[in-house]
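Read top to bottom, the protein sequences are chains S and F.
Each residue of the first sequence is one higher than the last, beginning at 6 in our numbering.
Each residue of the second sequence is one higher than the last, beginning at 560 in our numbering.
Remarks on the structure that follows.
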Amino acid sequence: SSDEAAKDEL
Amino acid sequence: MNIFRLAGDMTHLASVLVLLLKIHTIKSCAGVSLKTQELYAIVFATRYLDIFTSFYSIYNTLMKLVFLGSSFSIVLYMKYHKTVHRSYDREQDTFRHWFLVLPCLLLALLIHEKFTFLEVLWTFSLYLEAVAILPQLVLLQRTRNIDNLTGQYVFLLGGYRGLYILNWIYRYFTEPHFVHWITWISGLVQTLLYADFFFYYSQSWKNNKKLQLPA
């Protein structure tokens, strides 16, 4: 989902 | 992973290494704000709780551990290492950093994507990271002689934020549904805080003079 994509960042 | 993000992460890593080099090798933390370092330790401790709940990649987990470990060891060094602690500019580093923590916590409770424990803490870490550099910038302004390593540390940190913005622009155009307003706005605020510093840093570099911020 889209909010998971932000959390792959540091 | 795109080139901007990798460059951003490496710049962030370089900033931490520069700071550790100064503290570990030269045994000095002159010009370094303990308040900012404590805020970063809180930022990473609250953001990286997902180490226990989700796995993205070995790279992701390793980097998280590096940033957690380095931020806490810098704080411990500055507080408890005899020689390092003696070089700490305690009288100058007077920013009330707890006054940043509470508003960020309240804002995270009000503005978030999902109202869950981890999500609110994650959002809090984004807001707090945006303003965590403030005590350091104030201390730089008060310090007469900013040494090269301290200047480079702040320059690299600002560079890391700038590269993350390029990374978001890239991801917005290459990944469908990549829209994250909370991350973007707090990231933009954070980068703008460095604008003034960048200006004086480039001036001192251009004129080959020692970096000094106007009071």
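Beta carbons: idealized from backbone N, C-alpha and C, even for Gly.
These figures come from a predicted structure and were not determined experimentally.
Next item on the list: Tell me, please, whether the CB atom of residue 626 of chain F is closer than 9 Å to any CB atom in chain S?
Entry: yes
Notebook entry, point to check: Taking a cut of 8 Å between CB atoms, which residues from the stretch 599-621 of chain F lie near chain S?
Noted result: 609, 613, 615, 616 and 619
Checklist line | residue 633 of chain F beta carbon less than 9 Å from that of residue 785 of chain F | finding: What is shown of chain F runs 560 to 774, which leaves residue 785 of chain F out entirely.
Margin query: Just verifying my parser: in three-state terms, what is the DSSP assignment at residue 788 of chain F?
Written below: Residue numbering for chain F in the displayed model covers 560 to 774; residue 788 of chain F lies beyond these limits and cannot be assessed.
Check: Which chain S residues are close to residue 671 of chain F, counting only those with a beta carbon under 8 Å from its beta carbon?
Finding: Going along chain S, no residue has its Cβ under 8 Å from residue 671 of chain F, so there is no contact; the nearest lies around 10 Å.
Margin query: Between residue 723 of chain F and chain S, is any beta-carbon pair separated by less than 9 Å?
Written below: yes
Check: Who are the Cβ neighbours of residue 659 of chain F in its own chain at under 6 Å, not counting the five residues just before and after it?
Finding: 690
Check: Should residue 761 of chain F go down as buried or exposed, given a rule of 16 or more other Cβ atoms within 10 Å for buried?
Finding: exposed
Next item on the list: Compare the beta carbon distance of residue 749 of chain F and residue 705 of chain F with 9 Å and say whether it is the shorter of the two.
Entry: no
Next item on the list: Return the Cβ separation of residue 757 of chain F and residue 717 of chain F in integer angstroms, given the expectation that the two are a contact with Cβ distance under 8 Å.
Entry: 6 Å
Notebook entry, point to check: Going along the chain, which residues of its own chain have a beta-carbon closer than 8 Å to the beta-carbon of residue 672 of chain F, five neighbours each way excluded?
Noted result: 678, 682 and 741
Notebook entry, point to check: Under three-state DSSP, which class holds residue 651 of chain F?
Noted result: coil
Next item on the list: Using 10 angstroms around the beta-carbon of residue 581 of chain F, count the other beta-carbons present and answer buried if the total reaches 16, otherwise exposed.
Entry: buried
Margin query: Alpha carbons only, please: which of F:722, F:767, F:773 and F:746 is nearest the one belonging to residue 561 of chain F?
Written below: F:722
Note to self: Report the start-end ranges of each alpha helix (DSSP H) in the stretch 627-710 of chain F that is 4 residues or longer and not cut off at the edges.
What the structure shows: 641-645, 657-669, 676-690 and 693-701
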